[in-house]
Amino acid sequence: MWQVDLVNQPTLALDSNPQHVFECPVCLDKRPIPKILKNCGHSICEECEKQLVRMGAARTISCPICRKPTKLDFNEKLPTNWLALEST
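Quick note on numbering: the sequence shown equals residues 1 to 88 in full-length UniProt numbering.
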């Protein structure tokens, strides 16, 4: 079961268009598909997930915000953060 640290969650970046709720903390894209890191609850975009998986050793993604590692099994992908997409 996943444990999510709700106390240290970043606030969602809001802009003048309420349809764009999530901003990727890595690439700053405001129209990404947010993917949630299982071990810390932070989110990154799908494109950054692909890049970080390629760079990580043994399919481990180090969270760009808190550095907690998230290990992915072979062909496993991060789950979509539907809450961040809710208002789109």
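All C-beta atoms, glycine included, are put in the ideal place defined by N, C-alpha and C.
Look up residue i in the DSSP assignment and give the residues it is bridged to.
| i | result |
| --- | --- |
| CYS45 | PRO34 |
| PRO69 | SER62 |
Between which residues of its own chain and residue i is the CB-CB distance below 6 Å, once the five residues before and five after are set aside?
| i | result |
| --- | --- |
| ASN81 | PRO34, ILE36, SER43 |
| CYS63 | LEU37, CYS40, HIS42 |
Assuming residue i contacts residue j under a Cβ cut-off of 8 Å, what Cβ separation, rounded to an integer in Å, is found between them?
| i | j | result |
| --- | --- | --- |
| CYS45 | CYS66 | Between CYS66 and CYS45 the Cβ distance is about 17 Å, and since that is not below 8 Å, they are no contact. |
Among the candidates the options, whose CA atom is the shortest distance from the CA of residue i?
| i | options | result |
| --- | --- | --- |
| GLY41 | VAL53, ALA58, THR70, LYS77 | THR70 |
| ARG47 | ALA57, LEU83, ALA58, LEU78 | Contrary to the premise, residue 47 reads as Glu rather than Arg in this sequence. The shortest Cα separation from GLU47 among ALA57, LEU83, ALA58, LEU78 belongs to LEU78. |
| ASN75 | PRO25, ALA58, GLU86 | ALA58 |
| LEU72 | GLU86, ARG54, PRO25 | ARG54 |
Suppose the cutoff is 7 Å on Cβ atoms and the five residues either side in sequence are ignored; what does the same chain contact list for residue i look like?
| i | result |
| --- | --- |
| ASN39 | LYS68, PRO69, THR70 |
| ALA84 | LEU12, VAL21, PHE22, PRO34, SER43 |
Starting from the C-beta of residue i, find all residues in its chain whose C-beta is less than 8 Å away, skip the five residues before and the five after it, and write them out in chain order.
| i | result |
| --- | --- |
| ASN49 | Just to set this straight, residue 49 is Glu in the shown sequence, not Asn. LYS35, ILE61, LYS77, LEU78. |
| GLU86 | VAL21 |
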